[in-house]
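For reference, the structure is listed below as structure tokens.
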Amino acid sequence: MPTTTPLIAFGWTNPALLGWLAVAVAPLLIHLLSRRRYRRTEWAAMRFLVAAMRESRRRLRLEHLLLLLVRTLIIVLLVLAVADPYVQSSALFFTGGGERTHRVFVLDGSYSMAYTIDGESRFGRAKELIAKIVRAAPRGDAFSLVLMAQPPRGVVDTPALEPAEFLRELETVVRTDGTADLPGTLEQVESTLSAARRAQPGLRRCEVYFLTDLCRVGWLPELSSAAGGRFVRRARELDRSASLTVIDLGQPGAENVAITRLETVGSPATLTQPVELSATIHNFGTRNREGYPVELFVDARRVGRRQIDLPAGKSRSVSFTHRFDRPGEQVVEARIEEDRLTVDDRRWLIAPVHPATQVLCIDGRPGGPAGGATAYLTTALAAAEGPGQSAAIDAAAVPEGALRELDLSRYDCVFLCDVAQVTSGEAKMLGDYVRAGGGLVFFLGERVVADRYDRELFDNEPLLPARLRGVIDQRVAGIDPLDYAHPIVEPFRGRERAGLLTTPVEKYFKLELPDETAARVVLATLSGDPLIVEQPVGRGGVVLVATSADTTWTLMPLWPSYVPLVRQLVAHAAAGRAARHNRLVGETLDGEPADGTADDTARIRLPDGREAALPVRHEDGARRWSFDATERSGLYTVEFGGPDPTASRFAVNVDTVESDLEKLGEARLRDEVWPGVAFDYRTTWSESTAASPEPTAHRGQPARMLLHGVLALLLVETFLAWRFGHHDPRTANHDNGVMQR
Numbered sequence: 226m227p228t229t230t231p232l233i234a235f236g237w238t239n240p241a242l243l244g245w246l247a248v249a250v251a252p253l254l255i256h257l258l259s260r261r262r263y264r265r266t267e268w269a270a271m272r273f274l275v276a277a278m279r280e281s282r283r284r285l286r287l288e289h290l291l292l293l294l295v296r297t298l299i300i301v302l303l304v305l306a307v308a309d310p311y312v313q314s315s316a317l318f319f320t321g322g323g324e325r326t327h328r329v330f331v332l333d334g335s336y337s338m339a340y341t342i343d344g345e346s347r348f349g350r351a352k353e354l355i356a357k358i359v360r361a362a363p364r365g366d367a368f369s370l371v372l373m374a375q376p377p378r379g380v381v382d383t384p385a386l387e388p389a390e391f392l393r394e395l396e397t398v399v400r401t402d403g404t405a406d407l408p409g410t411l412e413q414v415e416s417t418l419s420a421a422r423r424a425q426p427g428l429r430r431c432e433v434y435f436l437t438d439l440c441r442v443g444w445l446p447e448l449s450s451a452a453g454g455r456f457v458r459r460a461r462e463l464d465r466s467a468s469l470t471v472i473d474l475g476q477p478g479a480e481n482v483a484i485t486r487l488e489t490v491g492s493p494a495t496l497t498q499p500v501e502l503s504a505t506i507h508n509f510g511t512r513n514r515e516g517y518p519v520e521l522f523v524d525a526r527r528v529g530r531r532q533i534d535l536p537a538g539k540s541r542s543v544s545f546t547h548r549f550d551r552p553g554e555q556v557v558e559a560r561i562e563e564d565r566l567t568v569d570d571r572r573w574l575i576a577p578v579h580p581a582t583q584v585l586c587i588d589g590r591p592g593g594p595a596g597g598a599t600a601y602l603t604t605a606l607a608a609a610e611g612p613g614q615s616a617a618i619d620a621a622a623v624p625e626g627a628l629r630e631l632d633l634s635r636y637d638c639v640f641l642c643d644v645a646q647v648t649s650g651e652a653k654m655l656g657d658y659v660r661a662g663g664g665l666v667f668f669l670g671e672r673v674v675a676d677r678y679d680r681e682l683f684d685n686e687p688l689l690p691a692r693l694r695g696v697i698d699q700r701v702a703g704i705d706p707l708d709y710a711h712p713i714v715e716p717f718r719g720r721e722r723a724g725l726l727t728t729p730v731e732k733y734f735k736l737e738l739p740d741e742t743a744a745r746v747v748l749a750t751l752s753g754d755p756l757i758v759e760q761p762v763g764r765g766g767v768v769l770v771a772t773s774a775d776t777t778w779t780l781m782p783l784w785p786s787y788v789p790l791v792r793q794l795v796a797h798a799a800a801g802r803a804a805r806h807n808r809l810v811g812e813t814l815d816g817e818p819a820d821g822t823a824d825d826t827a828r829i830r831l832p833d834g835r836e837a838a839l840p841v842r843h844e845d846g847a848r849r850w851s852f853d854a855t856e857r858s859g860l861y862t863v864e865f866g867g868p869d870p871t872a873s874r875f876a877v878n879v880d881t882v883e884s885d886l887e888k889l890g891e892a893r894l895r896d897e898v899w900p901g902v903a904f905d906y907r908t909t910w911s912e913s914t915a916a917s918p919e920p921t922a923h924r925g926q927p928a929r930m931l932l933h934g935v936l937a938l939l940l941v942e943t944f945l946a947w948r949f950g951h952h953d954p955r956t957a958n959h960d961n962g963v964m965q966r
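Position one of the sequence shown corresponds to residue 226 (the numbering used here), numbered consecutively onward.
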């Protein structure tokens with residue numbers, strides 16, 4: 226037997242509070258208990274008093290009953306308001322009679338919505354459903370559109386009263402290659418509704434539709450307890466001001482394979498030696514993939530192909546070796562077999578290739594008996610990899626006094642070896658260099674003034690990952706590699722004969738790391754004192770070595786592990802130079818025009834071939850540009866004119882957290898995301914379902930009406946009490962010429 230949806234139903238959010246209605250009898254009890262008790266006393270003037278009371282008794286009784294009724298109603302309405310009544314009704318019932326509706330569509334624009342079924346993406350399907358709802362809406366309704374992205378944005382903020390106008394805007398909307406910000410989206414929806422109430426007060430009813438695949442990553446955000454509380458409160462406030470509908474376009478068990486990393490391994494890419502390129506592939510699905518093809522391209526030319534086995538839910542890395550034949554910004558691309566989500570099947574890398582890695586060594590003891598504090602270091606860095614090969618690193622040594630005169634941007638990595646102290650200007654210079662992507666390595670020694678280091682390089686310009694807490698003049702018993710967990714020492718795993726763990730260290734500074742820090746200990750003594758500590762700073766990195774770079778405090782330079790160790794320091798610290806050209810979707814691209822380009826406007830070419838003007842700003846005597854509309858993955862090219870035209874390329878890749886297509890079901894959505902929030906859950910929409918919609922709870926409005934009634938009755942009660950006070954029986958009797966005793 227077919228079921229019918231009732232036009233209207235009634236209920237209570239907090240029915241248990243209705244028990245407080247018993248308090249409504251309190252005014253009646255007070256009235257009964259406070260009635261005057263009379264004693265019969267015969268006296269001569271009694272007949273006059275009785276005659277006067279007969280005249281006013283009926284009026285006084287009516288006044289008392291009216292006050293009693295008002296006070297009882299105040300209690301009843303207050304209890305009913307706290308119990309929060311709601312009306313659950315058919316949308317047809319409420320939209321009838323000419324009531325206009327404001328429909329806000331929240332369109333999931335994250336890249337998981339690019340997943341295709343039968344040639345149609347989830348995003349395309351969502352746009353079709355929005356168009357259907359708009360075309361079926363009654364005349365006079367208004368429409369708004371919010372794109373759920375990172376960050377979210379209002380596509381149609383001002384309510385559109387013409388469906389054709391709204392549909393034209395809808396047609397132009399494209400998804401992003403980024404993730405979704407659900408808390409920010411709710412804030413945007415709240416702002417859209419508030420603006421609509423001010424601009425169109427006639428739109429009394431609000432409906433919010435979420436068209437999404439309910440991807441777990443976007444819909445179950447990791448929030449702090451405070452942020453989580455604000456998120457749930459905002460959702461409940463939205464529930465009170467509008468009816469909510471979630472249209473789920475996701476498919477359970479969706480399979481996906483993605484390239485999650487593409488990077489160079491070891492030293493920065495140079496022309497002197499082959500470079501190792503590593504691609505990491507992750508199988509987000511539930512079935513194993515055997516013989517899965519992975520291809521590598523350099524400047525659009527395929528240079529390698531591998532096949533790997535991918536267990537379900539696991540990652541595998543595949544390595545390629547390539548030798549670049551020309552300097553400059555080389556485009557490296559990894560590709561895998563296309564699946565239903567093609568956005569994460571390609572990944573790009575801009576590899577800056579130089580004739581050699583440029584390293585600057587600042588010597589705090591130049592010209593000493595052993596050649597200075599940097600003598601062993603520059604020799605180790607400049608050594609060739611093998612017979613007949615050119616050196617991959619070009620290391621130059623200068624005294625510490627020359628630091629302020631140098632252009633550090635020319636160098637991939639800078640070493641400070643036993644430099645006594647740095648000025649505040651030099652500290653700022655080093656900080657700017659590191660934040661822009663440079664690598665900075667400190668070797669300490671006997672000339673180092675610990676207090677100046679702490680003040681200038683830890684407090685004022687936070688570069689050092691640890692404070693210097695005095696010199697330990699005691700030979701260490703051995704070195705702890707900490708399970709070779711850090712990338713700097715990971716290549717030494719299984720190569721104990723290199724002597725890293727037996728390196729003699731006679732003196733070192735005791736390093737004190739702060740409680741909350743991003744710094745990591747690379748090597749430590751067996752007693753637990755850190756020997757090498759590193760931390761990221763901006764786009765670059767800083768490494769602090771607690772001992773010297775020469776033999777004054779340690780015999781490390783004479784050990785076989787010295788050359789590979791210092792080269793690993795260079796590789797790790799200088800990695801940020803390439804990071805400037807490799808960003809994630811939504812991150813800002815920036816830089817400085819090359820010398821010889823005088824134009825104040827550049828051009829940027831986007832992955833889809835479109836171009837846009839790029840203004841150049843003047844800041845602190847320098848020229849800089851920035852671009853933050855990186856919503857699509859791919860290659861971005863910035864071109865500068867002038868007498869010496871140049872171009873700079875950038876790779877923007879997806880954040881592959883969105884590649885995990887696990888979705889939330891209705892139960893988890895109600896229990897974990899929006900507990901206590903009333904919403905209608907659907908997997909599709911059609912005119913037939915719209916004609917007989919599910920009942921929608923309208924909360925908040927009845928309670929507000931009841932509270933307004935309470936306020937009105939309080940004013941009435943105050944007025945009546947004041948008005949009736951002028952007719953107190955004692956006053957009335959006095960006015961009638963009767964004196965009470």
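We put the CB at the ideal spot given by N, CA and C, even for glycine.
At the level of alpha carbons, what is the spacing between residue i and residue j?
i, j, result
"residue 948", "residue 289", "12 Å"
"residue 895", "residue 353", "26 Å"
"residue 652", "residue 850", "25 Å"
"residue 778", "residue 748", "17 Å"
"residue 765", "residue 927", "59 Å"
"residue 510", "residue 885", "8 Å"
"residue 554", "residue 876", "11 Å"
"residue 700", "residue 608", "29 Å"
"residue 590", "residue 717", "31 Å"
"residue 497", "residue 580", "7 Å"
"residue 959", "residue 946", "Bear in mind that the predicted position of residue 959 carries a pLDDT of just 44, short of 50, making it unreliable; the figure below should be weighed with that in mind. Taking the straight line from one Cα to the other gives about 20 Å."
Who pairs with residue i in a beta bridge, going by DSSP?
i, result
"residue 705", "749"
"residue 470", "434, 905"
"residue 855", "DSSP, once it has assigned bridges, lists no residue as partnering residue 855."
"residue 326", "430"
"residue 666", "640, 768"
"residue 759", "745, 768"
"residue 297", "According to DSSP, which records beta bridges pairwise, residue 297 is partnered with nothing at all."
Could you pull out every residue in the same chain whose Cβ sits closer than 7 Å to the Cβ of residue i, ignoring the five residues on either side in sequence?
i, result
"residue 301", "246, 249"
"residue 568", "336, 339, 402, 858, 879"
"residue 674", "645, 646"
"residue 726", "703, 704, 706"
"residue 750", "701, 704, 705, 756"
"residue 808", "814, 855, 875, 877"
"residue 791", "602, 605, 606"
"residue 241", "none"
Which same chain residues end up closer than 8 Å to residue i when comparing Cβ atoms and leaving out the 5 residues on each side of it in sequence?
i, result
"residue 385", "367, 368, 369, 391, 394"
"residue 813", "851, 852, 853, 855"
"residue 938", "295, 298, 299, 302"
"residue 426", "none"
"residue 744", "690, 691, 738, 758, 759, 760"
Cβ of residue i within 8 Å of Cβ of residue j?
i, j, result
"residue 633", "residue 663", "yes"
"residue 484", "residue 874", "no"
"residue 659", "residue 491", "no"
"residue 721", "residue 694", "no"
"residue 773", "residue 598", "yes"
"residue 733", "residue 697", "yes"
"residue 550", "residue 560", "no"
"residue 411", "residue 461", "no"
"residue 406", "residue 375", "yes"
"residue 535", "residue 482", "yes"
"residue 380", "residue 398", "yes"
Give every residue of the same chain whose Cβ lies closer than 6 Å to the Cβ of residue i, excluding the five residues on either side of it in the sequence, and list them in chain order.
i, result
"residue 830", "836, 862"
Run the proximity test for residue i: is its beta-carbon closer than 7 Å to any non-hydrogen atom belonging to the ligand GDP?
i, result
"residue 369", "Inclusion of the ligand GDP in the displayed structure is not the case, the ligand content being empty and no account of it being possible."
Runs of beta strand (DSSP E) lying entirely within the stretch 396-433, each at least 3 residues, in chain order: none
Segments of 3+ residues assigned as beta strand (DSSP E) that fall wholly inside the stretch 715-740: Correct list: 732-737.
So within the stretch 781-808, which uninterrupted alpha helix (DSSP H) runs reach at least 4 residues, ignoring any that extend past its ends? 787-798, 801-804
Run through the stretch 328-363 for me and flag every whole alpha helix (DSSP H) of 4 or more residues, listed as ranges in chain order. 347-361
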